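K.L.:
Numbering (our numbering), first residue to last: 246 to 458.
1) Are the beta-carbon atoms of residue 414 and residue 449 separated by less than 7 Å?
2) Relative to the alpha-carbon of residue 332, which residue among 375, 390 and 290 has its alpha-carbon at the smallest distance?
3) In terms of residue numbering, what span does the alpha helix (DSSP H) encompassing residue 407 cover?
4) If we require 3 or more residues per run, which beta strand (DSSP E) segments fall completely within the region 406 to 454?
5) Can you tell me the Cα-Cα spacing of residue 408 and residue 309, whole angstroms?
6) Buried or exposed for residue 256, please, with buried defined as at least 16 other CB atoms from any protein chain shown within 10 angstroms of its CB.
7) Buried or exposed for residue 428, please, with buried defined as at least 16 other CB atoms from any protein chain shown within 10 angstroms of its CB.
8) Could you tell me the distance, in whole angstroms, from the CA atom of residue 445 to the CA atom of residue 294?
9) Could you tell me the distance, in whole angstroms, from the CA atom of residue 398 to the CA atom of residue 369?
10) Check whether the Cβ of residue 300 lies closer than 7 Å to any Cβ atom in chain C.
11) Could you check if residue 351 is buried or exposed, using at least 16 other CB atoms within 10 Å of its CB as the buried criterion?
12) Rounded to whole angstroms, what is the Cα-Cα separation between residue 420 and residue 437?
13) Please give me, in chain order, every unbroken run of the alpha helix (DSSP H) with length at least 4 that falls completely inside the region 294 to 330.
14) Note down the Cα distance separating residue 299 from residue 292, rounded to an integer number of angstroms.
15) Answer yes if the region 253 to 268 comes into contact with the region 312 to 321, meaning at least three C-beta pairs across the two stretches below 8 Å, and no otherwise.
16) Report the residue from 286, 283, 403 and 416 whose alpha carbon sits nearest the alpha carbon of residue 434.
17) My output table needs one value for residue 350: the three-state DSSP class, helix, strand or coil.
18) On the criterion of 16 or more Cβ atoms from any shown chain inside 10 Å, does residue 269 qualify as buried, or is it exposed?
19) Straight-line CA distance for residue 273 to residue 281?
Below is the structure:
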């Protein structure tokens, strides 16, 4: 389905509405966002019950991707919807699949205090996610990845020694700007709309990612 810029703006309005007022919306209100709901229905990103719709976190990622690919500037996106909202979407995508998720996880170890934006525990691994709201290309991805790898390495030590949790920790930086998956300074760089691939199959990190050591 081709989306004109007007369609992208409509999806942005819907995304803003969902993050501010909740993921449930009446049939009457949903009619204001017709083509956006068509897109969500095709992708399985929405459930219908009792004359209401519930947009799933996966659906929010679909909307976000369409907004950005429609040509709307990232500055406009971030003015309309706070980055904290996108952190919430990422967390909910994993929660929907019954993983243990902590947002803004803070820990102290070796006299150092650190915070992880989104921390996900699966049966076999820990995913340490740092969300970046860059909108221009003058950012330092290498520095961001090095710092996230260092945070994740400290987290791994903390979990092993303080919590007796001996799972591999995979550092991830999620961005708007990078369209391809890459490894920079031992850290996985992931476009925000591809987080769904990891949520559906975390074991893919063993192939495309690298645990801290």
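Each residue gets a CB set at the ideal place from its N, CA and C atoms; glycine is no exception. Please read all numbers here as calculations on a predicted model, not as lab measurements.
P.N.:
On the basis of the data shown:
1) Contact flag unset, no.
2) Of the listed residues, the one whose Cα sits closest to residue 332 is 375.
3) Its alpha helix (DSSP H) spans residues 386 to 407.
4) Those beta strand (DSSP E) runs which fall completely within the region 406 to 454 and span 3+ residues are 413 to 420, 427 to 429 and 432 to 436.
5) Cα to Cα, the separation comes out at about 36 Å.
6) Per the 10 Å Cβ criterion, buried.
7) Sixteen is the threshold: since fewer than 16 other Cβ atoms of the shown chains lie within 10 Å of the Cβ of residue 428, the residue is exposed.
8) Those two C-alpha atoms are separated by around 25 Å.
9) Taking the CA atoms as reference points, residue 398 sits about 17 Å from residue 369.
10) Judged by its chain identifiers, the structure shown contains no chain C, having just a single protein chain.
11) Burial state of residue 351 is exposed, judged by a 10 Å Cβ sphere holding fewer than 16 other Cβ atoms.
12) Spanning the two alpha carbons is a distance of roughly 6 Å.
13) Fully enclosed alpha helix (DSSP H) runs of 4 or longer: 302 to 314 and 319 to 325.
14) Each residue's alpha carbon lies about 5 Å from the other.
15) At 8 Å Cβ cutoff, the stretches touch.
16) Cα-wise, what sits closest to residue 434 is 416.
17) Assignment of residue 350 by DSSP, reduced to helix, strand and coil, places it in the strand class.
18) Residue 269 comes out exposed.
19) Residue 273 and residue 281 have their C-alpha atoms some 14 Å from each other.
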